[in-house]
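Asks: Each residue of the sequence shown is one higher than the one before, starting from 3 at the first, in my numbering. Got a structure for you, questions after.
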Amino acid sequence: MTARQTSRTARVSKRHEAHRSVTVAVRIWRAAIPSRPTLLLAFALSIFSCAPSPAFEGGACEKAGDCAEGLLCLGRVCRHERGGHATDDSGSVCRPDCTHKCDGLPDGCGGVCTQPCDWMKVPAGSDNPPVPDYAAMVYDSRQERTVLFINRNEGWIEMNETWERSKAGWKKMNPRHQPRDGLTGYAVAYDRDRGNTVLFGGGYPENSNVFVVDETWTWDGEDWHLESPSFRPPARFVLAMAYDENRGRVVLYGGDVHSDNPLSKTCLSDTWEWDGREWHIMRPVTSPPCRLSESVAYDPVRKKVVLFGGYDEVFGPYPVPSRYFNDLWEWDGEAWTETTPENPPEFERLLVTYDANRRKLFIYPGAPSLVTFWFGPWIPAPGGWELDGNSFNWIELPGGEFAGFGYGMSFDESTRRLVLFGMSRQRLNDTLEWEDNGWQPSQLFVAPTARSGAHMGFDNRRGVIVLLGGSGHRPANGDSERGETWEWDGHVWRLRNPVDRPPEAEWRAMVYDDVRGHMLLYNSGCHAEGGSCGETWTWDGNAWWRLATAHSPGERRNAAMAFDSARGRAVLFGGSGISGGVNDAHTWEFDGEDWVVRRTPQNPEGRTGHAMVYDKKRGRAVMFGGEGSETFRDTWEWDGETWTKAADDGEPEGDFFFAMAYDSARARVLLHGSYLGRTDNDSMETWEWDGRSWRRLVPSNRPSAWYGFAMAYDSWRDRLVLFGGSPDGRWNLDETWEFGAQ
Numbered sequence: 003m004t005a006r007q008t009s010r011t012a013r014v015s016k017r018h019e020a021h022r023s024v025t026v027a028v029r030i031w032r033a034a035i036p037s038r039p040t041l042l043l044a045f046a047l048s049i050f051s052c053a054p055s056p057a058f059e060g061g062a063c064e065k066a067g068d069c070a071e072g073l074l075c076l077g078r079v080c081r082h083e084r085g086g087h088a089t090d091d092s093g094s095v096c097r098p099d100c101t102h103k104c105d106g107l108p109d110g111c112g113g114v115c116t117q118p119c120d121w122m123k124v125p126a127g128s129d130n131p132p133v134p135d136y137a138a139m140v141y142d143s144r145q146e147r148t149v150l151f152i153n154r155n156e157g158w159i160e161m162n163e164t165w166e167r168s169k170a171g172w173k174k175m176n177p178r179h180q181p182r183d184g185l186t187g188y189a190v191a192y193d194r195d196r197g198n199t200v201l202f203g204g205g206y207p208e209n210s211n212v213f214v215v216d217e218t219w220t221w222d223g224e225d226w227h228l229e230s231p232s233f234r235p236p237a238r239f240v241l242a243m244a245y246d247e248n249r250g251r252v253v254l255y256g257g258d259v260h261s262d263n264p265l266s267k268t269c270l271s272d273t274w275e276w277d278g279r280e281w282h283i284m285r286p287v288t289s290p291p292c293r294l295s296e297s298v299a300y301d302p303v304r305k306k307v308v309l310f311g312g313y314d315e316v317f318g319p320y321p322v323p324s325r326y327f328n329d330l331w332e333w334d335g336e337a338w339t340e341t342t343p344e345n346p347p348e349f350e351r352l353l354v355t356y357d358a359n360r361r362k363l364f365i366y367p368g369a370p371s372l373v374t375f376w377f378g379p380w381i382p383a384p385g386g387w388e389l390d391g392n393s394f395n396w397i398e399l400p401g402g403e404f405a406g407f408g409y410g411m412s413f414d415e416s417t418r419r420l421v422l423f424g425m426s427r428q429r430l431n432d433t434l435e436w437e438d439n440g441w442q443p444s445q446l447f448v449a450p451t452a453r454s455g456a457h458m459g460f461d462n463r464r465g466v467i468v469l470l471g472g473s474g475h476r477p478a479n480g481d482s483e484r485g486e487t488w489e490w491d492g493h494v495w496r497l498r499n500p501v502d503r504p505p506e507a508e509w510r511a512m513v514y515d516d517v518r519g520h521m522l523l524y525n526s527g528c529h530a531e532g533g534s535c536g537e538t539w540t541w542d543g544n545a546w547w548r549l550a551t552a553h554s555p556g557e558r559r560n561a562a563m564a565f566d567s568a569r570g571r572a573v574l575f576g577g578s579g580i581s582g583g584v585n586d587a588h589t590w591e592f593d594g595e596d597w598v599v600r601r602t603p604q605n606p607e608g609r610t611g612h613a614m615v616y617d618k619k620r621g622r623a624v625m626f627g628g629e630g631s632e633t634f635r636d637t638w639e640w641d642g643e644t645w646t647k648a649a650d651d652g653e654p655e656g657d658f659f660f661a662m663a664y665d666s667a668r669a670r671v672l673l674h675g676s677y678l679g680r681t682d683n684d685s686m687e688t689w690e691w692d693g694r695s696w697r698r699l700v701p702s703n704r705p706s707a708w709y710g711f712a713m714a715y716d717s718w719r720d721r722l723v724l725f726g727g728s729p730d731g732r733w734n735l736d737e738t739w740e741f742g743a744q
């Protein structure tokens with residue numbers, strides 16, 4: 003045969019009948035043109051044969067024998083083995099293929115691949131700003147960019163960063179100069195006439211003290227410039243600024259000068275204006291009462307700067323506000339005028355921004371009080387209010403939660419939407435956009451936000467990694483539980499929006515059921531909406547479905563689950579009560595319809611925080627580590643009937659919050675990460691289990707997170723995929739990493 007024939011891969015999702023009809027045979031013919039004369043003959047005979055004929059590439063299969071010569075049954079579909087035998091047109095010449103293989107594995111031609119296995123950070127969409135401690139945000143209309151200046155804390159080190167958001171997403175800027183690290187409580191405003199962002203004031207900690215500054219900085223899109231006006235406002239923080247478009251001035255009001263005197267009243271009531279070169283003190287006859295943490299915005303309809311909220315603070319052992327304000331003031335360049343809106347909201351910190359779409363001011367709530375902010379309990383808050391500039395009637399809008407202090411809001415003129423970033427109380431770095439039905443995740447982003455405790459599995463039917471849930475704060479307490487479903491195809495993340503989805507509950511376990519072709523989720527906790535504890539759900543790529551089972555393993559935390567593809571059953575072991583109690587030592591199996599507890603002659607000791615995966619080559623579920631009466635570093639295997647201790651205490655060192663996955667190309671169980679109570683590099687280890695012993699791998703790179711991440715193996719691309727987690731037990735990451743041949 004001299005002409006090259008090319009096969010096309012077709013995904014077949016339903017099982018073919020044993021006796022294929024001529025119509026089915028023709029469909030298979032169109033899906034895959036055979037590359038050998040023997041396959042052509044087999045195809046012709048299969049039409050008239052009574053016995054099931056082997057399926058060509060793209061045909062459905064249950065085992066290797068169901069496929070035509072040279073094909074393997076991968077994910078219930080007949081395919082050529084990636085990295086396997088590659089031949090020329092005559093089939094006589096073998097070309098080694100190590101595209102996806104590494105670390106001495108066979109190259110398909112009798113040799114081995116010499117590429118090292120390594121971790122690589124994958125650029126998954128645009129970058130995302132980190133979780134902020136304090137944030138301020140404005141829109142640069144000249145460059146059509148949102149400018150965000152944040153303070154963040156990484157490993158107890160304070161640092162400041164500048165980010166810009168365009169239609170392509172967020173981008174971290176690298177200015178040569180910028181305000182000092184650790185600065186918080188500053189204010190920003192965009193000077194539309196001069197085309198720069200103005201930042202003033204702020205405070206920074208040093209030796210258990212707080213120091214306030216009186217510096218004026220401007221951002222031109224490339225660098226920050228420290229201005230040198232001859233006259234400037236006194237140093238302060240938690241002040242407010244807005245740009246008066248009618249008069250071409252940045253207006254500054256109030257703030258806090260800070261004092262160590264526990265009874266000193268430190269708030270200010272002065273008004274200043276910046277003309278691009280100098281500050282000018284304004285001396286109106288009447289001013290709003292002194293306050294801090296207020297908000298101001300420019301209303302182009304009334305051509306006035308509007309001020310709202312804030313509080314009057316007296317310092318004691320804790321900052322105790324003596325008065326919260328819900329009054330509304332307007333500045334016309336000469337005088338402040340108080341107005342009386344109807345039904346004003348009562349919150350400590352609110353952000354006010356002009357929504358050019360509705361031609362109204364939009365007010366977003368922060369914390370209701372400092373005491374509530376730090377100690378709770380918090381209750382759901384309205385999504386914001388709109389202030390009609392003519393009648394000053396407040397309109398309560400649905401949805402949303404309290405954001406706290408570390409967030410910013412602006413109106414994006416390019417997308418014509420209000421944009422919100424941050425939320426310090428929940429430790430999130432979400433970017434949200436306001437729509438008629440409330441705050442929604444920004445569509446500019448193609449990656450999940452930072453989180454820990456999420457769950458991942460690989461959908462072998464559709465070739466995508468599925469990620470569910472996670473916590474936006476600390477892995478240990480599960481704050482800000484997320485219910486989103488994301489999918490990763492090796493290039494981009496896609497947010498799925500099913501109508502129904504599992505409730506936001508902690509302590510889930512998720513695996514791929516490669517017999518029935520869907521993700522299987524055991525929602526092992528009780529959720530806020532009520533209902534039974536311990537629900538079973540499936541994801542088919544379009545919708546989540548709750549299964550009605552007669553039995554359930556019940557409520558438990560940190561159980562481990564794997565899918566035994568040889569027997570078509572999910573295996574679940576261990577976990578502990580949500581409120582503590584004895585660790586569970588029962589083995590449960592799910593057969594697609596119901597859960598059943600297995601009585602075995604020997605069980606591993608009850609534990610929590612362990613991990614389990616299924617070794618397809620050896621036909622066993624492999625379980626490692628966890629905590630119970632002690633910290634376990636033992637390895638157990640389940641063959642469907644009995645548990646066998648395969649390795650006793652020893653390496654790896656990780657005890658819990660690590661993750662495991664099965665590398666089908668290398669026939670190894672891979673383990674990464676650990677929770678050792680430390681943050682040094684020794685805790686970021688990658689190990690593999692070959693059925694006899696553990697071996698530590700020594701990659702040149704390693705992910706930033708060392709526990710709380712999600713991990714799964716992509717068998718289509720021969721890649722181990724890792725997302726999220728925490729680098730220090732305090733903050734979370736939104737990084738995507740892959741392990742394999744680089």
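From the three backbone atoms N, C-alpha and C, an ideal C-beta is built for every residue, glycine too.
1. Can you tell me which of the three DSSP states CYS52 falls into?
2. For the pair the region 112-132 and the region 156-175, tell me if three or more CB-CB distances fall below 8 Å.
3. Please work out which residues of its chain come closer than 8 Å, Cβ to Cβ, to GLY386, disregarding the five sequence neighbours upstream and downstream, and give them in chain order.
4. Looking at the secondary structure, which residues open and close the beta strand (DSSP E) in which LYS693 lies?
5. Do the CB positions of ALA561 and ALA511 come within less than 9 Å of each other?
6. Can you give me the Cβ contacts of TRP31 inside the same chain, cut-off strictly under 6 Å, excluding the 5 residues immediately before and after it?
7. Evaluate GLU690 with the Cβ neighbour count: other Cβ atoms within 10 Å of its Cβ, from every protein chain shown; 16 or more gives buried, anything less gives exposed.
8. State the start and end residues of the unbroken beta strand (DSSP E) segment that holds LEU430.
9. Given a threshold of 16 other Cβ atoms within 10 Å of its Cβ, counted over all protein chains shown, does ARG571 qualify as buried or as exposed?
10. Rounded to the nearest angstrom, what separates ARG178 and HIS674 at their Cα positions?
11. Let me know the secondary structure DSSP gives ASP68 once reduced to three states.
12. Going by the C-beta, is ASP438 closer than 8 Å to any heavy atom of the ligand MG?
13. Please report how far the alpha carbon of GLY480 lies from the alpha carbon of CYS111, in whole angstroms.
14. Measure the alpha-carbon distance for GLU332 versus GLY278 and round it to whole angstroms.
15. What first and last residue would you give for the beta strand (DSSP E) that runs through ALA237?
16. How would you write the range of the beta strand (DSSP E) that VAL709 sits in, first residue to last?
17. Please classify SER232 as buried or exposed, where buried requires at least 16 other C-beta atoms within 10 Å of its C-beta.
18. By how many angstroms is the C-alpha of PRO291 removed from the C-alpha of TYR326?
19. For GLY742, count the other beta carbons within 10 Å of its own beta carbon; 16 or more makes it buried, fewer makes it exposed. Which is it?
20. Mind checking VAL149: buried by the 16 CB within 10 Å criterion, or exposed?
21. Looking only at DSSP bridge pairs, what is TYR245 linked to?
22. Of all the options TRP696, ASP665 and PHE660, which has the alpha carbon lying nearest to the alpha carbon of PHE725?
23. With distance defined between alpha-carbon atoms, name the residue in ALA242, ALA299 and ARG251 nearest to ASP272.
24. Let me know the secondary structure DSSP gives ASP730 once reduced to three states.
25. Would you identify the three-state DSSP class for ASP736, choosing helix, strand or coil?
26. Looking only at its own chain, which residues have a Cβ that is under 7 Å from the Cβ of THR199, when we skip the five neighbours before and after it?
27. Quick one: residues in its chain with C-beta nearer than 7 Å to the C-beta of GLY293, no 5 flanking neighbours on either side, listed in chain order?
28. To which residues of the same chain is ALA138 closer than 7 Å at the C-beta, ignoring the five residues directly before and after it?
29. Over the uninterrupted beta strand (DSSP E) stretch that includes ASN395, give me the two end residues.
30. When the Cα atoms are used, what is the spatial distance from GLU506 to LEU469?
31. If the criterion is Cβ atoms closer than 9 Å, does the pair GLU160 and ASP183 meet it?
32. Rounded to whole angstroms, what is the Cα-Cα separation between LYS618 and GLY693?
33. By a C-beta neighbour count over all protein chains shown, 10 Å radius and 16 as the cutoff for buried, is ASN162 buried or exposed?
34. So, are the CB atoms of GLU489 and PRO443 less than 9 Å apart?
35. Under a Cβ-count criterion, where at least 16 other Cβ atoms within 10 Å of its own Cβ denotes burial, should GLY710 be classed as buried or exposed?
36. Considering GLU163, what are the terminal residues of the beta strand (DSSP E) in which it resides?
Replies: Working from what's here:
1. Residue placement at CYS52 cannot be trusted, given a pLDDT of 45 that sits under 50; what the coordinates show is reported in the next sentence. Reduced to three states, the DSSP call for CYS52 is coil.
2. yes
3. PHE364, ILE365, TYR366, PRO367, LEU399, GLY402 and TRP436
4. It should be pointed out that residue 693 corresponds to Gly in this sequence rather than to Lys. That residue, GLY693, is in no beta strand (DSSP E); it is neither H nor E in DSSP.
5. yes
6. With a pLDDT of 28 at TRP31, under the threshold of 50, the modelled position of that residue is not reliable, and the figure given next carries that caveat. Excluding residues within five positions, none has a Cβ falling inside 6 Å.
7. buried
8. Counting along the chain, LEU430 falls outside any beta strand (DSSP E), and DSSP gives it neither H nor E.
9. buried
10. 37 Å
11. helix
12. Ligands are entirely absent from the displayed structure, and the ligand MG is therefore not among its contents.
13. Residue confidence for GLY480 is low, a pLDDT of 41 falling below 50, so the modelled location carries little weight; the figure read from the coordinates is stated next. In a straight line, the C-alpha of GLY480 is about 49 Å away from that of CYS111.
14. 22 Å
15. Note, ALA237: premise wrong, no beta strand (DSSP E); not H, not E.
16. The displayed chain sequence assigns Tyr, not Val, to residue 709. Element bounds for TYR709: n/a, residue is neither H nor E.
17. exposed
18. 11 Å
19. buried
20. buried
21. VAL252
22. PHE660
23. ALA242
24. coil
25. coil
26. VAL140, ASP142, VAL149, VAL190, TYR192, THR220 and TRP221
27. Looking at the sequence provided, one finds Arg at residue 293 rather than Gly. Excluding sequence neighbours, ARG293 sits near GLY256, CYS269, GLY312, TYR313, ASP314 and PHE327.
28. PHE151, TYR188, ALA189, VAL190 and GLY410
29. Per DSSP, ASN395 belongs to no beta strand (DSSP E) and is neither H nor E.
30. 14 Å
31. yes
32. 11 Å
33. buried
34. no
35. buried
36. 159-168
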